[in-house]
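Chemist: Structure provided below as structure tokens; questions to follow.
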Amino acid sequence: MPRLAPIPSYSGLVAELNPGSGKRQEAPTMSVEQPAVADRVVVVTGGGTGIGATYVAALTAAGHQVVVADLETARAPAEQVVATADAAGPGRAVFAPTDITVDESLDAMVQVATEEFGGIDAVVCNAALYGALGAKRQRLDLRPEDWDRVLAVNVRGTWQTIRAVAPVMAERGGGSIVTISSVVARNGAPGFAHYVASKAAVEGLTKAAARELGGHGITVNAVAPGLVSDDATRAINDPDYIAMVAGTRAMAREMQPQDLVGTVLWLCSPASAFLTGQTIVVDGGGVFT
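59 is the number that the working numbering gives to position 59 of the sequence shown; each next residue is one higher, with no gaps.
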């Protein structure tokens, strides 16, 4: 396997932008006159199942090349997602077994993206613990190890992903990082305080990373979905609750994974190149910001 040329570390990228360095950094620009679909290389963490698989299908259908980064235990569904995306085209997908809490695993994923497609232009930080949390419990029933597990994946894993991909993206002149929050970061929700806190932390991380990476032409924005009617949601929510939430929306219907696609595609494209540090709520008008 050929070795990649050395690239700056994440800390090196940030240090270059230190105002005390005496150097003025001109940010690389991505013209909004470029087409929204420009054969970009996009990594989707947690792309082997659920909403992540929906993103993969939409991105390849739009002509992007996609790295489906998911756990080795998700290989079978992830490879099916890849096969389906490749058959539909026009973009292409490849599976890279990835644990976002392990730096070496993330480095291997970056290597796959570079060898298969030449680099990385955009990342959708979709991997998180949600459906696997099981039935909701009151705060006094949550154990410290429950908190540690959720924060390790949802927050630290997102940060580790950003740290791993940023140098490669900077080498290509910039790109787009999309993190995934949730409307529960604004509204709160009983029964899984650790998940709510993790998504609020993701929004803070998004702002910090946007400040650190903007000078390299890398945008960092979050999408905050409402309650999506999919298998993960139904695993931990009563059907009556899902219907009740749908009734509070201006659009007055249940939210489907496909409802997120347009916003994510836009954030992965050069058309959103001057938007950074923002959280976009996509929930059919349940929350107005």
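Cβ atoms here follow ideal geometry from the backbone N, Cα and C, with glycine treated the same way.
If you're wondering where the values come from, they're calculated on a predicted model, not measured in any experiment.
Would DSSP call Ile-51 helix, strand or coil?
Modeler: helix
Chemist: Counting Cβ pairs, one atom from each stretch, are 3 or more of them under 8 Å apart for the stretch 152-167 and the stretch 119-131?
Modeler: yes
Chemist: Let me check understanding here. Comparing Cα to Cα, which of Asp-238, Thr-263, Val-261, Ile-51 lies closest to Ala-128?
Modeler: Ile-51
Chemist: With a threshold of 16 other CB atoms inside 10 Å of the CB of Thr-54, please say whether the residue is buried or exposed.
Modeler: Label assigned to Thr-54: buried.
Chemist: Using beta-carbon positions only, say whether Gly-226 and Met-244 come within less than 8 Å of one another.
Modeler: no
Chemist: How would you call Ala-5, buried or exposed, if buried means at least 16 neighbouring beta carbons within 10 angstroms?
Modeler: Confidence in Ala-5 is poor, its pLDDT being 46 and thus under 50, which makes the residue's placement too unreliable to answer from.
Chemist: What is the DSSP secondary structure of Met-255, reduced to helix, strand or coil?
Modeler: strand
Chemist: Under 7 Å Cβ to Cβ from Ser-182, same chain only, skipping five residues before and after it: list those, please.
Modeler: Lys-199, Ala-224, Pro-225
Chemist: Flag this pair as yes or no: are the beta carbons of Val-82 and Val-102 separated by less than 8 Å?
Modeler: no
Chemist: With distances taken from CA atoms, which of Gln-160, Ala-189, His-194, Thr-206 is nearest Asp-148?
Modeler: Of the listed residues, the one whose Cα sits closest to Asp-148 is His-194.
Chemist: So Glu-71 and Thr-161 are in contact, right, with Cβ under 8 Å, and what is the actual spacing, rounded?
Modeler: At residue 71 the sequence reads Leu, which differs from the Glu that was named. Wrong, their Cβ atoms sit about 13 Å apart, outside the cutoff.
Chemist: By the 10 Å Cβ neighbour count, where 16 or more other Cβ atoms means buried, how is Thr-158 classified, buried or exposed?
Modeler: buried
Chemist: Let's see if you can read the secondary structure: which residues bound the alpha helix (DSSP H) around Pro-77?
Modeler: Where Pro-77 is concerned, the enclosing alpha helix (DSSP H) stretches over 75-88.
Chemist: When DSSP builds the beta bridges, which residues end up paired with Gly-175?
Modeler: Gly-175 is bridged by DSSP to Ile-218.
Chemist: Across the stretch 216-223 and the stretch 235-250, are there enough close Cβ pairs to call them in contact, namely three or more that are closer than 8 Å?
Modeler: Too few Cβ pairs lie closer than 8 Å, so no.
Chemist: Could you tell me if the beta carbon of Phe-192 falls within a distance shorter than 7 Å of some heavy atom in the ligand NAP?
Modeler: Within the structure as shown, the ligand NAP is missing, as the structure has no ligands at all.
Chemist: Per DSSP, what kind of secondary structure is Phe-192 in: helix, strand or coil?
Modeler: coil
Chemist: What span of residues does the beta strand (DSSP E) with Thr-289 cover, start to end?
Modeler: Unbroken run through Thr-289: none, as it is neither H nor E.
Chemist: Within 10 Å of its beta-carbon, does Asn-187 have 16 or more other beta-carbons around it, so buried, or fewer, so exposed?
Modeler: exposed
Chemist: Please name the residue or residues paired with Pro-225 in a DSSP beta bridge.
Modeler: Val-282
Chemist: Considering Cα atoms alone, identify which of Glu-115, Asp-99, Val-112, Ala-197 is closest to Asp-146.
Modeler: Ala-197
Chemist: From Val-281 to Asp-39, what distance separates their C-alpha atoms?
Modeler: Distance between the alpha carbons of Val-281 and Asp-39: 27 Å.
Chemist: Which runs of the beta strand (DSSP E) fall wholly inside the stretch 85-170 and span at least 3 residues, in chain order?
Modeler: Complete beta strand (DSSP E) runs here, min 3: 93-97, 122-125.
Chemist: Leaving out five residues on either side along the sequence, give the residues of the same chain with a beta carbon under 8 Å from the beta carbon of Ala-250.
Modeler: Gly-284, Gly-285, Gly-286
Chemist: Sort Phe-192, Gln-80, Ser-269 by Cα distance to Asp-141 and report the nearest one.
Modeler: Phe-192
Chemist: How big is the Cα-Cα spacing for Thr-276 and Asn-221?
Modeler: 5 Å
Chemist: Give the straight-line distance between the Cα atoms of Ser-11 and Ala-170, rounded to the nearest whole angstrom.
Modeler: 12 Å
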